[in-house]
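Residue numbers (our numbering): -13 to 145.
Below: the structure, in structure tokens.
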């Protein structure tokens, strides 16, 4: 079986900065990571990378895959499944990866992490943060959480 996965979030880097180039090409990738605007415009942008990064953040938060065909039809797409729960603290608790030990994170840091992920996967790309903003916020989350999730983020950065 041939499985395609995103291996780099730098697709938009192929375009010269400040210059708009339109080309038709077949883009291979995993369905759950694609920017919804790509399907209507056919263009990959820096904000397309932010969307894919947001999906990865959701995978880290929930312990689930971006697309899981073993789930029911309404639960196959992670973004669609959890988007409405990310900004509600009570609902957020239900989507946190159950494998994460409760004493390894603070709800404040998880709330900040979920808020960032939520903004990254907004449908309108103009409402998404830049990757620079994402880095700054992740650093803040790392420093906010002194119990464990911050260490996990640090470990991810080191890998």
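We treat Cβ as the ideally placed atom computed from N, Cα and C, and that holds for glycine.
> Going by alpha carbons, who is nearest to residue 97 out of 24, 48 and 54?
Replying inline: The shortest C-alpha separation from residue 97 is found at 48.
>> Rounding to the nearest angstrom, what Cα-Cα distance links residue 9 and residue 63 in this structure?
In response: With a pLDDT of 45 at residue 9, under the threshold of 50, the modelled position of this residue cannot be trusted; read the value that follows with caution. Looking at the two C-alpha atoms, the distance is approximately 28 Å.
>> Checking the sheet assignment: what are the DSSP bridge partners for residue 146?
In response: This structure does not reach residue 146, given that the chain is present from -13 up to 145, and the question cannot be answered.
>> Using 8 Å as the cut-off, can you tell me whether the segment 26 to 40 makes contact with the segment 106 to 113, which would need three or more C-beta pairs spanning the two stretches below that distance?
In response: Because the criterion of three Cβ pairs below 8 Å is met, the segment 26 to 40 and the segment 106 to 113 touch.
> Taking contact to mean at least 3 C-beta pairs separated by less than 8 Å, is the segment 70 to 89 in contact with the segment 44 to 60?
Replying inline: The segment 44 to 60 and the segment 70 to 89 touch, with three or more beta-carbon pairs separated by less than 8 Å.
> Taking buried to mean at least 16 other C-beta atoms within 10 Å of its own C-beta, is residue 7 buried or exposed?
Replying inline: In this predicted model, residue 7 has a pLDDT of only 47, less than 50, meaning its place in the structure is not dependable; the value taken from the coordinates is given anyway. Looking at its Cβ environment, which holds fewer than 16 other Cβ atoms inside 10 Å, residue 7 is exposed.
> Cα separation between residue 23 and residue 113?
Replying inline: Distance between the alpha carbons of residue 23 and residue 113: 12 Å.
>> Using CA atoms only, rank isn't needed, just tell me which of 31, 115 and 20 is closest to residue 65.
In response: Closest by C-alpha distance to residue 65, out of 31, 115 and 20, is 20.
> Using the C-alpha atoms, what's the distance from residue 18 back to residue 87?
Replying inline: When rounded, the distance between both Cα atoms is 27 Å.
> Below 8 Å between beta carbons: does that hold for residue 118 and residue 31?
Replying inline: In terms of Cβ geometry, residue 118 and residue 31 do not form a close pair [threshold 8 Å].
>> Given this structure, state the Cα-to-Cα distance separating residue 60 from residue 122, to the nearest angstrom.
In response: The straight-line gap from Cα to Cα measures roughly 34 Å.
> What is the DSSP secondary structure of residue 115, reduced to helix, strand or coil?
Replying inline: The DSSP-derived three-state label of residue 115 is coil.
> If you count every other CB in all the chains shown that lies within 10 Å of the CB of residue 70, and 16 or more means buried, which is it?
Replying inline: With fewer than 16 other Cβ atoms within 10 Å, it is exposed.
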